[in-house]
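Just below is one structure, and these are the notes that go with it.
The structure is reproduced here in structure tokens:
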């Protein structure tokens with residue numbers, strides 16, 4: 001399956017991926033309205049230190065520990081290889097946060113958990129972070 | 001007659017079914033469970049009481065799960081005995097089921113120490129199952145004064161579940177602090193203070209000397225308590241009786257290897273009834289947590305069906321919250337203790353030994369805790385990463401370029 005991969009040396013640390021993620025998952029059609037005066041809570045996060053930067057989001061592991069750790073059966077590995085969360089079943093216990101080795105699951109504004117689902121089910125239809133990356137520091141491909 | 005018989009219908013059982021089906025898509029599977037419910041995550045019961053989930057949403061798998069996996073279920077029935085020679089189990093409804101391979105996913109049961117006069121108390125329950133939670137819910141109202149015996153994980157989650165529904169809650173525990181199994185003293189103090197702010201009363205370092213009526217008790221130090229509803233959450237015991245009765249090897253829990261095999265041929269075990277090898281302290285012990293039950297069950301299921309995928313990464317880890325205060329802990333609290341953060345709302349301690357992270361406690365800010373968990377699980381040498389960075393915040397930046405490329409540039 002196609003996943004998002006990082007080319008760290010090309011990352012400018014501009015955080016456009018974070019904004020595009022937040023917009024794509026906002027359910028809104030106007031980026032200005034979606035993001036103006038909003039503290040964004042994206043599912044992709046840029047790490048920056050000492051002149052190095054790179055974006056981190058769910059790796060969509062083939063044998064995901066987060067899914068095994070979920071007490072609610074809210075996280076599942078779908079047949080297309082994407083790990084999705086049913087936020088109506090999630091109780092916000094943070095067991096997935098405890099388990100994810102990449103630190104790629106975080107609380108949403110609703111108090112339950114959120115994670116990258118590759119934008120396949122929102123209006124972007126493919127990872128908005130990758131589409132908007134000006135320098136190909138993240139790519140969406142088979143590896 | 002069933003190729004695979006599983007005693008128990010909780011998380012280890014589901015792991016077993018999924019493990020079996022990974023290898024064998026046609027063999028017959030029978031699950032025998034004593035609770036008359038579709039499989040649910042036990043820790044959800046407190047969330048159900050506080051309205052964060054509902055009975056209808058608590059199913060751990062899709063409602064078509066048993067059909068999809070061609071599993072026959074026998075629910076609401078106890079297994080009364082195993083006949084290892086005839087390879088069959090006897091049920092409380094008088095029938096028997098034969099097996100080729102048997103899985104013991106029997107879990108644990110509440111442990112109730114003898115307490116004088118407890119028979120006088122009418123409104124009482126333990127807090128382990130959906131039925132316990134429903135019973136408790138039916139017993140309480142906004143005028144209830146609840147006494148909870150036990151300030152561990154189960155007792156305090158129960159407190160969180162019902163606090164907004166009752167008039168008062170008093171928690172009593174012989175231990176002198178809360179959550180002693182997962183927190184150190186400072187951590188316990190922080191959590192206790194946050195619950196006290198919500199109105200929970202604690203009596204620690206004491207136990208119930210005697211229940212003097214249906215609604216009164218005296219403590220070991222002579223305090224008089226009045227209540228109308230009692231929750232007992234003192235501890236649990238692994239359900240090893242069936243296996244012990246046929247001479248199987250049991251220490252604290254059923255002894256199994258990393259493939260889930262017990263000392264008796266064709267009998268496997270996993271989950272809260274079984275032991276495992278805790279890699280964070282190199283000790284054989286029971287690690288009664290949900291993910292462990294799944295992994296042990298899955299490993300057992302795979303080997304029951306003829307495959308081999310050992311589960312050899314067991315260790316304690318707990319994620320638990322009380323209202324808005326989250327707690328994530330993992331591993332063992334041995335070696336050097338490094339208090340990284342200690343303020344009114346946050347607490348973070350790392351435990352290192354022999355150049356490895358072996359345990360941690362995070363209270364408050366728990367973001368990206370899984371990065372610490374993975375350091376323990378992978379026994380990552382701390383001199384191979386930027387420990388100063390990772391100590392401050394869990395982050396992938398602390399790894400070498402090569403490791404980062406491996407993590408973020410390849411499929412896993």
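Chains as they are written, first to last, in this note's numbering: chain X, 1 to 143; chain Y, 1 to 412.
No residue lacks a Cβ here, since even glycine has one placed at the ideal position from N, Cα and C.
Note that this is a predicted model, so its numbers are computed, not measured.
Given that residue i touches chain Y, what residues does it touch there, using C-beta distances under 8 Å?
| i | result |
| --- | --- |
| residue 91/X | 44, 47, 52 and 53 |
| residue 47/X | 395, 396 and 397 |
| residue 56/X | 396 and 408 |
For chain X, check one thing: does any of its Cβ atoms lie closer than 8 Å to the Cβ of residue i?
| i | result |
| --- | --- |
| residue 41/Y | yes |
| residue 37/Y | no |
| residue 57/Y | yes |
| residue 411/Y | yes |
| residue 295/Y | yes |
| residue 19/Y | no |
| residue 61/Y | yes |
| residue 164/Y | no |
| residue 321/Y | yes |
| residue 404/Y | yes |
Along chain X, which residues have their Cβ under 8 Å away from the Cβ of residue i?
| i | result |
| --- | --- |
| residue 357/Y | In chain order: nothing, as chain X lies at least about 13 Å away. |
| residue 291/Y | 65, 68, 69, 95 and 99 |
| residue 389/Y | 49 |
| residue 374/Y | 101 |
Grab the span of the beta strand (DSSP E) containing residue i for me, first residue to last.
| i | result |
| --- | --- |
| residue 109/Y | 108–110 |
| residue 331/Y | 325–331 |
| residue 173/Y | 168–173 |
| residue 315/Y | Note, residue 315/Y: premise wrong, no beta strand (DSSP E); not H, not E. |
| residue 233/Y | No beta strand (DSSP E) holds residue 233/Y; DSSP gives it neither H nor E. |
| residue 159/Y | Looking at the DSSP string, residue 159/Y is not in any beta strand (DSSP E); the run it does join, the alpha helix (DSSP H), is 153–162. |
| residue 413/Y | Residue numbering for chain Y in the displayed model covers 1 to 412; residue 413/Y lies beyond these limits and cannot be assessed. |
| residue 84/X | 83–85 |
| residue 2/Y | 2–7 |
| residue 342/Y | 336–342 |
| residue 75/X | 75–77 |
Against residue i, what residues of chain X qualify as contacts under a CB-to-CB distance less than 9 Å, listed in chain order?
| i | result |
| --- | --- |
| residue 317/Y | 69, 95, 98 and 99 |
Grab the span of the alpha helix (DSSP H) containing residue i for me, first residue to last.
| i | result |
| --- | --- |
| residue 95/X | 95–99 |
| residue 291/Y | 290–304 |
| residue 70/X | Counting along the chain, residue 70/X falls outside any alpha helix (DSSP H), and DSSP gives it neither H nor E. |
| residue 53/X | Note, residue 53/X: premise wrong, no alpha helix (DSSP H); beta strand (DSSP E) at 52–56. |
| residue 23/X | 16–24 |
| residue 352/Y | First-last for residue 352/Y: 347–353, but that is the beta strand (DSSP E), not the alpha helix (DSSP H). |
| residue 32/X | 31–35 |
Can you name the residues of chain Y whose CB is closer than 9 Å to the CB of residue i?
| i | result |
| --- | --- |
| residue 5/X | 408, 409, 410 and 411 |
From the beta carbon of residue i, is the nearest beta carbon of chain Y less than 8 Å away?
| i | result |
| --- | --- |
| residue 115/X | no |
| residue 34/X | no |
| residue 52/X | yes |
| residue 43/X | no |
| residue 61/X | yes |
| residue 126/X | no |
| residue 106/X | yes |
Can you list the residues of chain Y that residue i reaches, using a CB-CB cut of under 7 Å?
| i | result |
| --- | --- |
| residue 141/X | Under the 7 Å cutoff, chain Y gives no residues; its nearest Cβ is about 10 Å from residue 141/X. |
Compare the C-beta of residue i with all C-beta atoms of chain C and state if any pair is closer than 8 Å.
| i | result |
| --- | --- |
| residue 294/Y | This model lacks chain C altogether, as its protein chains are X and Y. |
Next item on the list: Could you please tell me which residues of the segment 325–338 of chain Y, in chain order, have their CB closer than 8 Å to any CB of chain X?
Entry: 326, 328 and 330
Note to self: Counting only Cβ-Cβ distances shorter than 7 Å, please list the residues of the segment 359–372 of chain Y near chain X, keeping chain order.
What the structure shows: 366, 367, 368, 369, 370 and 371
Check: What residues in the segment 11–28 of chain X have a beta carbon less than 8 Å from any beta carbon of chain Y?
Finding: none
Next item on the list: Would you list, in sequence order, the uninterrupted alpha helix (DSSP H) runs of no fewer than 4 residues that lie entirely inside the segment 237–287 of chain Y?
Entry: 241–244
Notebook entry, point to check: Counting only runs that start and end within the segment 104–151 of chain Y, where is the alpha helix (DSSP H) found for 4 or more residues in a row?
Noted result: 130–139
Item checked: Runs of alpha helix (DSSP H) lying entirely within the segment 171–235 of chain Y, each at least 4 residues, in chain order -> 185–197
Next item on the list: Scan the segment 28–103 of chain Y and note each continuous alpha helix (DSSP H) run of 4 residues or more that stays entirely inside, going in chain order.
Entry: 44–49 and 65–68
Next item on the list: Would you list, in sequence order, the uninterrupted alpha helix (DSSP H) runs of no fewer than 4 residues that lie entirely inside the segment 98–135 of chain X?
Entry: 128–131
Item checked: Selection of the segment 71–87 of chain X by Cβ proximity to chain Y, strictly under 8 Å -> 71, 72 and 73
Notebook entry, point to check: Which runs of the beta strand (DSSP E) spanning at least 3 residues fall entirely within the segment 349–404 of chain Y, listed in chain order?
Noted result: 356–363
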